[in-house]
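A short worksheet on the structure shown next.
Residue numbers (the numbering used here), protein chains in the order written: chain A, 1 to 113; chain B, 1001 to 1114.
Here it is as structure tokens:
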């Protein structure tokens, strides 16, 4: 059973657009939510992460929005660039096993020039 | 600073053959993870080590998979015998010990079982 559900599976936007990737979870023990970026042939790399005590976190062009009551969180990429074309994974970790991460199924983003 | 090193990068074997993957984590990282990533999916944890102790191996198929982390540094993941469904990318990651420390992933080993 997928602990973290991610959508869409793929996304195409024009340069400068704002792709939004969504994730949802059921386990209320999750209290750490990172996003990873993966380029072909490479391992995932941490992009940005959030704890549920805040509703939004920004780092550069990347923003996480978090809705604790809805058990949903999303990644927004402002002013997207062709270099942002990659696969993005959301993940979640529970407070009772803080180094165990459950990953979403990934979203393949293509930013067209 | 060198990142997580994995070898080989690619491996093609016939089913029922054994295969082994090697991982060298970032220096000083106590925690080491092995993940399996199926095509089009996110990574799934197989085993996590704290130093040389396997603290979470609940998802490791123990009938055919084994892992070791001698001296708490390098680690080896073995499959014997391999099955067609084992075709995937095997990722190693490491982190410092502690809450929510960043995991650093290696490039992975792409295994193809024929």
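Yeah, the Cβ is synthetic: ideal placement off N, Cα and C, and Gly gets one too.
Alpha-carbon spacing of residue i relative to residue j, whole angstroms
i                      : j                      : result
residue 1049 (chain B) : residue 1025 (chain B) : 11 angstroms
residue 27 (chain A)   : residue 1090 (chain B) : 26 angstroms
residue 74 (chain A)   : residue 1020 (chain B) : 37 angstroms
residue 98 (chain A)   : residue 1028 (chain B) : 19 angstroms
residue 1073 (chain B) : residue 16 (chain A)   : 44 angstroms
residue 1097 (chain B) : residue 1110 (chain B) : 28 angstroms
residue 1053 (chain B) : residue 1085 (chain B) : 28 angstroms
residue 53 (chain A)   : residue 30 (chain A)   : 12 angstroms
residue 93 (chain A)   : residue 3 (chain A)    : 10 angstroms
residue 1114 (chain B) : residue 1082 (chain B) : 10 angstroms
residue 1058 (chain B) : residue 83 (chain A)   : 37 angstroms
residue 1045 (chain B) : residue 1056 (chain B) : 9 angstroms
residue 1068 (chain B) : residue 13 (chain A)   : 44 angstroms
residue 1006 (chain B) : residue 1077 (chain B) : 11 angstroms
residue 90 (chain A)   : residue 23 (chain A)   : 7 angstroms
DSSP-derived helix/strand/coil call for residue i
i                      : result
residue 1077 (chain B) : strand
residue 1056 (chain B) : strand
residue 53 (chain A)   : coil
residue 31 (chain A)   : strand
residue 58 (chain A)   : strand
residue 42 (chain A)   : coil
residue 108 (chain A)  : strand
residue 1015 (chain B) : coil
residue 1061 (chain B) : coil
residue 5 (chain A)    : strand
residue 1096 (chain B) : coil
residue 82 (chain A)   : helix
residue 1091 (chain B) : strand
residue 1045 (chain B) : strand
residue 1084 (chain B) : helix
residue 1039 (chain B) : coil
residue 47 (chain A)   : strand
CB of residue i within 7 angstroms of CB of residue j, strictly
i                      : j                      : result
residue 32 (chain A)   : residue 51 (chain A)   : yes
residue 38 (chain A)   : residue 107 (chain A)  : no
residue 1042 (chain B) : residue 104 (chain A)  : yes
residue 1112 (chain B) : residue 1012 (chain B) : yes
residue 71 (chain A)   : residue 102 (chain A)  : no
residue 1088 (chain B) : residue 1033 (chain B) : no
residue 49 (chain A)   : residue 34 (chain A)   : yes
residue 65 (chain A)   : residue 56 (chain A)   : yes
residue 1023 (chain B) : residue 1075 (chain B) : yes
residue 18 (chain A)   : residue 78 (chain A)   : yes
residue 1008 (chain B) : residue 43 (chain A)   : no
residue 85 (chain A)   : residue 109 (chain A)  : yes
residue 1051 (chain B) : residue 1038 (chain B) : no
- Message: Any contact between the segment 1100 to 1110 of chain B and the segment 102 to 113 of chain A? By contact I mean 3 or more CB pairs, one from each, below 8 angstroms.
- Response: no
- chain B contacts from the segment 39 to 55 of chain A (Cβ-Cβ distance under 9 angstroms): 41, 42, 43, 44, 45, 46, 49 and 51
- Query: Using 8 angstroms as the threshold, is the segment 55 to 73 of chain A in touch with the segment 1009 to 1028 of chain B, meaning 3 or more CB pairs across them?
  - Reply: no
- On the three-pair Cβ rule with 8 angstroms, is the segment 4 to 21 of chain A touching the segment 1060 to 1070 of chain B? Counting C-beta pairs closer than 8 angstroms gives fewer than three between the segment 4 to 21 of chain A and the segment 1060 to 1070 of chain B, which falls short of the contact rule.
- Pull out every residue of the segment 97 to 111 of chain A whose Cβ sits closer than 9 angstroms to any Cβ of chain B, in chain order. 97, 98, 99, 100, 101, 102, 103, 104, 105, 106 and 108
- Item | Residues in the segment 82 to 97 of chain A having any Cβ partner in chain B nearer than 8 angstroms | 89, 91, 93 and 97
- Query: At a Cβ cut of 9 angstroms, what residues of the segment 1028 to 1053 of chain B count as close to chain A, listed as they run along the chain?
  - Reply: 1031, 1033, 1035, 1037, 1040, 1041, 1042, 1043, 1044, 1045, 1048 and 1050
- For the segment 8 to 39 of chain A, enumerate the residues whose C-beta is nearer than 7 angstroms to any C-beta of chain B, in chain order. Within the segment 8 to 39 of chain A, those residues whose Cβ lies closer than 7 angstroms to any Cβ of chain B are, in chain order, 32.
- Message: To be precise: take each residue of the segment 1068 to 1085 of chain B, compare its Cβ to all Cβ atoms of chain A, and keep it if any distance is under 8 angstroms. Which residues remain?
- Response: none
- When Cβ atoms are compared, which residues of the segment 1095 to 1112 of chain B fall closer than 9 angstroms to chain A? Residues passing the 9 angstroms Cβ filter: 1095, 1097, 1098, 1099, 1100, 1101, 1102, 1103, 1104, 1105, 1106, 1107, 1108 and 1110.
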